[in-house]
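Visitor: Counted the way my numbering counts, the sequence shown spans residues 31 to 408. Please see the structure below; I have some questions.
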Amino acid sequence: MNSPAIASCVVKLTLPLRIILVLVHLRRQSGSRLMHVVFQHPASFETLAMEAERKQEIVDDLVIFSTAEDFYARIGRAWKRGYLLFGPPGTGKSTMIAAMANLLNYDIYDLELTAVKDNTELRKLLMETTTRSIIVIEDIDCSLDLTGQRKKKKEEEGERDEKDPKPKLPKEEDSKQSQVTLSGILNFVDGLWSACRGERLIVFTTNFVEKLDPALIRKGRMDKHIELSYCSFEAFQVLAKNYLRLESHHLFARIQELLGETKMTPAEVAEHLMPKTITGDAKVCLESLIGALEKAKEDAILKAEEEAKEKEKESARLKAEEEAKEKEKEKAKAEEEAKEKDSSAAENAKKQVKENGFCDNGNGELNNKENKQEGFSH
């Protein structure tokens with residue numbers, strides 16, 4: 031990590047102590063307000079469990095943004111930038127935000143959308159934010175009804191109510207449920223910055239980026255998308271240096287091999303690097319991690335085998351169903367052909383009777399001849 035580059039962006043410290051402002055939900059009549067808490071998170075990009083090249087890329091982006099006031103004014107754009115942090119739980123999204131705040135000496139506004147009454151209240155809260163700050167909305171996929179689940183649930187409840195005519199009292203949770211909409215968030219992202227001067231970052235986090243509406247995370251709203259994934263060997267080396275003060279060990283080779291074969295989050299790796307003995311023996315921690323990685327690998331293999339078996343069973347079931355359908359089709363076709371054959375034979379028989387005067391007993395020709403002979407004899 032390039033320390034001089036990081037230090038060069040720490041300018042204009044406006045507060046003796048930076049703060050984190052947490053959204054506190056009060057009674058419905060009082061709405062919500064922001065509570066000030068001293069921000070003392072020790073995270074930094076140097077201690078962040080991530081590949082050095084990726085960290086430097088993010089640091090450079092933040093530094094350029096924080097010193098680009100004249101550039102943004104020249105191009106006629108609001109001095110703001112959006113970051114989308116996504117990845118599985120335990121991959122360092124919250125730690126990344128703390129590192130960003132420490133790097134730039136920005137305050138943090140931690141907004142819990144479910145505690146905001148509606149779009150109007152959201153706008154009022156956001157207009158209170160100050161310059162040189164990071165506005166954070168964590169787990170935004172859980173904070174907004176992005177998939178229409180609330181609407182679907184209400185429709186299903188409405189259908190049940192129609193079947194059950196008994197009057198019901200309104201649910202308390204419905205009266206307290208946030209009415210903040212996707213449209214409200216989009217207006218906040220696009221409109222707030224034009225009305226508020228000074229640099230600001232907005233950060234969304236999610237465990238499931240595929241659930242988010244593309245309109246919410248497009249470039250111009252969320253300018254930089256950062257995926258935080260499972261622990262790589264390089265990320266492990268950062269953790270080993272932080273936790274165990276180790277830069278090399280003979281067990282590292284085995285750990286590198288296992289990290290390439292299985293998935294474990296940085297948070298899970300870090301847990302195994304916590305001191306296991308009073309003396310803080312590093313070997314014990316590394317062996318604990320190796321044991322956990324080996325078990326994770328075995329579990330992954332077993333899971334894959336089970337999934338393969340289930341897939342094979344499902345494939346066999348579908349094949350059997352398809353074969354049964356084909357047999358039914360063939361049977362129905364044969365029955366139809368037999369009916370058509372019988373019908374055709376019957377039609378032919380009727381036609382012959384009509385044309386030749388044959389009897390139904392099959393002896394019509396003989397009977398006719400006998401009748402004719404008897405007629406001649408008379």
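We treat Cβ as the ideally placed atom computed from N, Cα and C, and that holds for glycine. Predicted model, so just to flag it, every value in this text is computed and none were measured.
How close, in whole Å, do the beta carbons of F218 and L156 come, if the pair is a contact with beta carbons under 8 Å?
Guide: Going by Cβ atoms, the distance from F218 to L156 rounds to 6 Å, so yes, they are a contact pair.
Visitor: Look at the alpha carbon of A103 and the alpha carbon of K110, and state the distance between them as a whole number of angstroms.
Guide: Near 11 Å, if we compare the C-alpha coordinates of K110 and A103.
Visitor: Helix, strand or coil, according to DSSP, for E367 in the structure here?
Guide: Three-state result, E367: helix.
Visitor: Is the distance from the Cβ of L303 to the Cβ of L269 below 7 Å?
Guide: Their beta carbons are under 7 Å apart, which means L303 touches L269 by this criterion.
Visitor: Taking K271 as part of the alpha helix (DSSP H), name the residues at either end of that continuous run.
Guide: Looking at the DSSP string, the run of the alpha helix (DSSP H) that includes K271 is F263 to L274.
Visitor: So the beta strand (DSSP E) Y113 belongs to, where does it begin and stop?
Guide: Looking at the DSSP string, the run of the beta strand (DSSP E) that includes Y113 is K110 to F116.
Visitor: Is the segment 116-127 touching the segment 232-241 in the sense that three or more CB pairs, one from each, lie closer than 8 Å?
Guide: Taking 8 Å as the limit for Cβ pairs, the verdict is that the segment 116-127 does touch the segment 232-241.
Visitor: If you drop the 5 nearest sequence neighbours on each side, which residues of the same chain put their C-beta closer than 8 Å to that of T292?
Guide: Hits under 8 Å: L323, A326, K327 and A330.
Visitor: Using DSSP with H/G/I as helix, E/B as strand and the rest coil, what is T125?
Guide: Correct three-state label for T125: helix.
Visitor: In angstroms with no decimal places, state the Cα-to-Cα distance between C172 and L246.
Guide: Rounded to the nearest angstrom, the two C-alpha atoms are 14 Å apart.
Visitor: Which one of E365, E377, E81 and G122 has the shortest CA to CA distance from A73?
Guide: Closest option to A73, Cα to Cα, is G122.
Visitor: Would T144 and S213 qualify as a contact pair, given that the criterion is a beta-carbon distance under 7 Å?
Guide: For T144 and S213, no; Cβs fall outside 7 Å.
Visitor: Name the DSSP bridge partner or partners of V166?
Guide: Answer is D140 and V233, bridged to V166.
Visitor: Quick one: Cα of A131 to Cα of F101, how far?
Guide: When rounded, the distance between both Cα atoms is 22 Å.
Visitor: Buried or exposed for K85, please, with buried defined as at least 16 other CB atoms from any protein chain shown within 10 angstroms of its CB.
Guide: Per the 10 Å Cβ criterion, buried.
Visitor: Pull up the distance between the alpha-carbon of D311 and that of P305, whole angstroms please.
Guide: If I take the Cα positions, the gap works out to 7 Å.
Visitor: Should D5 be labelled buried (16 or more other beta-carbon atoms within 10 Å of its own) or exposed?
Guide: The question about residue 5 has no answer, for the chain in this structure spans 31 to 408.
Visitor: State the start and end residues of the unbroken beta strand (DSSP E) segment that holds H71.
Guide: Premise fails: H71 is in no beta strand (DSSP E) and is neither H nor E.
Visitor: Which residues mark the beginning and the end of the beta strand (DSSP E) in which I256 is found?
Guide: Residues K254 to E257.
Visitor: According to the neighbour-count rule (16 or more other Cβ atoms, all chains shown, within 10 Å of its Cβ), is E358 buried or exposed?
Guide: Exposed, because fewer than 16 other Cβ atoms sit within 10 Å of the Cβ of E358.
Visitor: What would DSSP say about G321, mapped onto helix, strand or coil?
Guide: Helix, per DSSP.
Visitor: In its own chain, which residues sit with a C-beta less than 7 Å from the C-beta of A129, not counting the 5 before and 5 after it?
Guide: Counting only Cβ-Cβ distances below 7 Å, and skipping sequence neighbours, we find A73, S74, F75 and L78.
Visitor: Work out the CA separation of N149 and I215 for me, nearest whole Å.
Guide: Approximately 8 Å between the Cα atoms of the pair.
Visitor: Less than 7 Å between C-beta atoms, sequence neighbours within five positions excluded: which residues of the same chain meet that for F266?
Guide: Correct list, in chain order: I285, L289 and V299.
Visitor: In or out: P296 buried (at least 16 other Cβ within 10 Å) or exposed?
Guide: Buried is the call here.
Visitor: Looking at the unbroken alpha helix (DSSP H) that takes in S96, where does it start and where does it end?
Guide: That run of the alpha helix (DSSP H) goes A82 to S96.
Visitor: When the Cα of L141 is compared with those of L133, T161, D169 and R162, which residue comes out closest?
Guide: L141 has its Cα closest to that of D169, out of L133, T161, D169 and R162.
Visitor: Starting from the Cα of Y139, find the closest Cα among V166, E151, I127 and V314 and give me that residue.
Guide: Measuring from the Cα of Y139, the nearest candidate turns out to be V166.
Visitor: Tell me which residues share the same chain as E264 and place their Cβ nearer than 6 Å to its Cβ, disregarding the 5 neighbours each side in the sequence.
Guide: Same-chain partners within the cutoff: E81.
Visitor: Decide if T97 is buried, meaning its Cβ has at least 16 other Cβ atoms within 10 Å, or exposed.
Guide: That one is exposed.
Visitor: Please classify D137 as buried or exposed, where buried requires at least 16 neighbouring CB atoms within 10 angstroms.
Guide: Buried, since its Cβ has 16 or more Cβ neighbours within 10 Å.
Visitor: Can you list, in chain order, the residues of its chain with a C-beta nearer than 7 Å to that of I88? Leave out the 5 residues immediately preceding and following it.
Guide: Cβ neighbours of I88 beyond the five flanking positions: I256.
Visitor: Please look up how many angstroms separate the CB atoms of V68 and V146, rounded, as I've assumed it's under 8 Å.
Guide: Not confirmed; about 24 Å, so no contact.
Visitor: Which two residues bound the contiguous alpha helix (DSSP H) that contains R153?
Guide: From DSSP, the alpha helix (DSSP H) with R153 extends over N149 to M157.
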